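Quick note on my numbering: the sequence shown kicks off at 349 and runs consecutively. Please read the structure below before turning to the comments.
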Amino acid sequence: MSATTVVTRSSPNTPEIQSLRLKAFAADETTEELTLDALDDDDSTEDTSAPETFDRATISELVASHGSSSSTAWLEFSRYKIWQASKPIAPSTFPPVQGYMRKGNWVFAWGNPIVSTSAALEPAARAFVQHISSLDTKLKVVWVCVDQAMERALGEALGWSTVHCIYEDVIDPRRVIEVVDAPEKKNKRGEETKKLSKEEKEHQEIIKDLKKNLRRAEKAGVTTGEVRGEVSEEDRVTIEKGIDDWRKHRHGIQIASTTMVPWLDKEHRRYWLARDADNKPIAILILTKINAEPHAPRPDTSLSYMHDHPEHPHHISYQIKNAVSFPDAPKGTSEKLIYSALRDLDREQPQNGRYTVTFGISAASSMVPTHNLSGWKVHTLSNTYNRVAKSTGLLNRLEFRKKFESIHEPMFVCYPEDGFGLDGVMALLKALRK
Numbered sequence: 349m350s351a352t353t354v355v356t357r358s359s360p361n362t363p364e365i366q367s368l369r370l371k372a373f374a375a376d377e378t379t380e381e382l383t384l385d386a387l388d389d390d391d392s393t394e395d396t397s398a399p400e401t402f403d404r405a406t407i408s409e410l411v412a413s414h415g416s417s418s419s420t421a422w423l424e425f426s427r428y429k430i431w432q433a434s435k436p437i438a439p440s441t442f443p444p445v446q447g448y449m450r451k452g453n454w455v456f457a458w459g460n461p462i463v464s465t466s467a468a469l470e471p472a473a474r475a476f477v478q479h480i481s482s483l484d485t486k487l488k489v490v491w492v493c494v495d496q497a498m499e500r501a502l503g504e505a506l507g508w509s510t511v512h513c514i515y516e517d518v519i520d521p522r523r524v525i526e527v528v529d530a531p532e533k534k535n536k537r538g539e540e541t542k543k544l545s546k547e548e549k550e551h552q553e554i555i556k557d558l559k560k561n562l563r564r565a566e567k568a569g570v571t572t573g574e575v576r577g578e579v580s581e582e583d584r585v586t587i588e589k590g591i592d593d594w595r596k597h598r599h600g601i602q603i604a605s606t607t608m609v610p611w612l613d614k615e616h617r618r619y620w621l622a623r624d625a626d627n628k629p630i631a632i633l634i635l636t637k638i639n640a641e642p643h644a645p646r647p648d649t650s651l652s653y654m655h656d657h658p659e660h661p662h663h664i665s666y667q668i669k670n671a672v673s674f675p676d677a678p679k680g681t682s683e684k685l686i687y688s689a690l691r692d693l694d695r696e697q698p699q700n701g702r703y704t705v706t707f708g709i710s711a712a713s714s715m716v717p718t719h720n721l722s723g724w725k726v727h728t729l730s731n732t733y734n735r736v737a738k739s740t741g742l743l744n745r746l747e748f749r750k751k752f753e754s755i756h757e758p759m760f761v762c763y764p765e766d767g768f769g770l771d772g773v774m775a776l777l778k779a780l781r782k
């Protein structure tokens with residue numbers, strides 16, 4: 349369920365996943381087996397949404413200035429519908445905006461509504477639900493990829509059920525540079541080896557793997573750099589062919605909140621390219637600007653090491669929207685490209701203030717209920733989630749992102765009580781299937 353695509357060269361699944369089979373354990377311990385193929389791609393429900401009345405350029409500006417990594421997905425207007433209130437809803441200084449997908453009788457609101465202050469989240473949520481009900485009383489709203497402020501608004505004020513099963517993976521560029529630049533510790537002869545915990549050993553191995561891949565890319569002659577100005581026509585053709593080849597080499601079911609559209613919203617994006625020894629583009633990384641406020645350090649946050657950075661009114665945050673290595677790229681290209689972009693951002697911090705970077709959303713290894721959910725419902729939904737996460741490879745993203753010292757900020761899925769069962773999960777997967 350990620351708004352970010354971060355991949356290296358794919359290898360075939362053995363055996364290749366042809367369909368996703370889920371078994372949901374009901375309260376009476378009976379089982380029901382479904383497949384994604386069992387759901388018809390064509391919705392039988394007529395789309396009763398109002399005609400498009402919003403200004404696309406205005407939405408793009410709001411996403412860049414007030415949006416989250418999840419709301420950047422809304423800019424794929426062919427995939428997402430946009431609701432904008434007809435007037436400001438206090439205390440927001442502008443009309444709230446919400447992007448969503450519809451599948452059958454399900455409406456999946458993606459990320460927080462965009463408002464000027466978190467105090468407006470609850471009234472914005474009520475207004476959006478009322479709007480959806482006015483279209484069709486049979487429609488069911490599920491909010492996906494929301495932060496803790498929105499989860500509290502829905503769980504406490506509206507009485508919705510809420511679960512934590514996803515993370516926002518946030519990076520401090522300076523931290524990554526420090527870890528990579530730190531010399532590997534070698535014990536002197538006769539010096540006692542410090543006993544490491546399991547977590548410390550795993551972290552040590554992850555960093556070793558990152559450094560090894562960076563060296564591989566260096567030896568292969570891979571160079572990286574930010575594109576200044578427009579991408580040349582020659583590079584554009586090569587990049588688009590590389591992306592097309594990358595798509596053809598992917599295997600199994602693809603579940604994501606966005607597709608790879610490299611030139612979308614160029615005004616708010618920055619591009620880095622990796623090139624081979626012949627100066628041919630072999631990978632592309634795209635950063636998009638988002639609202640920095642959700643990732644500002646707080647006393648209760650897991651980003652405690654960021655407190656060393658001076659507070660700055662112009663705190664900037666970016667999302668790694670895409671980081672794609674083409675099939676012919678040498679091993680380590682993805683790591684080198686991401687690391688190089690983070691190093692470039694780190695060099696800008698003295699002039700621009702502290703930066704944070706997010707990979708976007710990744711799946712957690714388990715589901716934890718947080719509001720208004722207990723008993724057999726937790727068991728049923730947890731089993732369904734575990735099967736989906738394993739079958740679709742959603743957990744793989746988390747493993748790759750660990751290389752860059754990503755900190756996992758809890759994110760949530762919220763829905764009205766008794767409003768999200770197996771049929772809702774399947775509808776969501778179909779909506780996300782590419």
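We put the CB at the ideal spot given by N, CA and C, even for glycine. This one's a predicted model, so the numbers in the text were calculated from it and none came from an experiment.
{"Item": "Around the C-beta of P675, are 16 or more other C-beta atoms found within 10 angstroms, so that it is buried, or is it exposed?", "Value": "exposed"}
{"Item": "Using a threshold of 8 Å, state whether the C-beta atoms of K669 and T510 are closer than that.", "Value": "no"}
{"Item": "In the DSSP output, what is F707 paired with across the bridge?", "Value": "None; F707 has no bridge partner."}
{"Item": "Note down the Cα distance separating S730 from M715, rounded to an integer number of angstroms.", "Value": "6 Å"}
{"Item": "Would you mind working out which of Y515, S605, K628 and P443 sits nearest D583, comparing C-alpha positions?", "Value": "K628"}
{"Item": "Excluding the 5 residues flanking K435 on each side, which residues of the same chain have their C-beta closer than 7 Å to its C-beta?", "Value": "P443"}
{"Item": "Going by DSSP in three states, E574 sits in which element: helix, strand or coil?", "Value": "strand"}
{"Item": "Between the region 694-705 and the region 578-597, do three or more beta carbon pairs fall short of 8 Å?", "Value": "no"}
{"Item": "Using only CA atoms, which one of S710, R522, S682 and W611 lies nearest to N561?", "Value": "S682"}
{"Item": "Closest to K589 by C-alpha separation, out of A625, A631, G573 and K559, would be which residue?", "Value": "A631"}
{"Item": "Shortest alpha-carbon distance to I407 belongs to which of A438, Q446 and S417?", "Value": "Q446"}
{"Item": "Between the C-alpha atoms of H512 and P610, what's the straight-line distance to the nearest angstrom?", "Value": "31 Å"}
{"Item": "Report the start-end ranges of each alpha helix (DSSP H) in the region 739-764 that is 4 residues or longer and not cut off at the edges.", "Value": "743-749"}
{"Item": "Could you have a look at D484 and say whether DSSP puts it in helix, strand or coil?", "Value": "coil"}
{"Item": "Whose C-alpha, out of I591, W458, S413 and L776, is nearest the C-alpha of A671?", "Value": "I591"}
{"Item": "Closest to F806 by C-alpha separation, out of I462, V528 and V477, would be which residue?", "Value": "This structure gives no information on residue 806, because the portion of the chain shown stretches from 349 to 782."}
{"Item": "Label S426 either buried or exposed according to how many other C-beta atoms from any shown protein chain fall within 10 Å of its C-beta, with 16 as the threshold for buried.", "Value": "exposed"}
{"Item": "Report, in whole angstroms, the separation of the C-beta atoms of L635 and R623, which I expect to be a contact under 8 Å.", "Value": "Contact doesn't hold; Cβ gap of about 18 Å is too wide."}
{"Item": "For my contact list, Y515 and E757 are in at a C-beta cut-off of 8 Å; report their separation, rounded to the angstrom.", "Value": "6 Å"}
{"Item": "For S509, report the span of its beta strand (DSSP E) as first-last.", "Value": "S509 to I519"}
{"Item": "Distance, Cα to Cα, E765 vs V489?", "Value": "11 Å"}
{"Item": "In chain order, what residues of the same chain have a beta carbon less than 6 Å from the beta carbon of A375, not counting five sequence neighbours either side?", "Value": "Note that A375 has pLDDT 28, beneath the 50 cutoff, so the model's placement of it is unreliable and no number is given."}
{"Item": "For a minimum of 3 consecutive residues, which ranges assigned as the beta strand (DSSP E) are wholly contained in the region 578-643?", "Value": "617-623 and 629-638"}
{"Item": "Take K614 as the anchor and find which of S418, L423 and D403 has the nearest alpha-carbon.", "Value": "L423"}
{"Item": "Could you tell me the distance, in whole angstroms, from the CA atom of C493 to the CA atom of H597?", "Value": "28 Å"}
{"Item": "Taking buried to mean at least 16 other C-beta atoms within 10 Å of its own C-beta, is G569 buried or exposed?", "Value": "exposed"}
{"Item": "Would you list, in sequence order, the uninterrupted alpha helix (DSSP H) runs of no fewer than 4 residues that lie entirely inside the region 397-459?", "Value": "404-414"}
{"Item": "The beta strand (DSSP E) spanning S682 covers which residue range?", "Value": "Where S682 is concerned, there is no enclosing beta strand (DSSP E), although the alpha helix (DSSP H) it sits in stretches over T681 to N700."}
{"Item": "Sorted by chain position, which residues of the same chain lie with C-beta nearer than 7 Å to D593's C-beta, five sequence neighbours on each side aside?", "Value": "F674 and P675"}
{"Item": "Which of helix, strand or coil does DSSP assign to P531?", "Value": "coil"}
{"Item": "Give the DSSP-derived three-state secondary structure of V524 in the structure shown.", "Value": "helix"}
{"Item": "Beta-carbon separation of A457 and L502 under 8 Å?", "Value": "no"}
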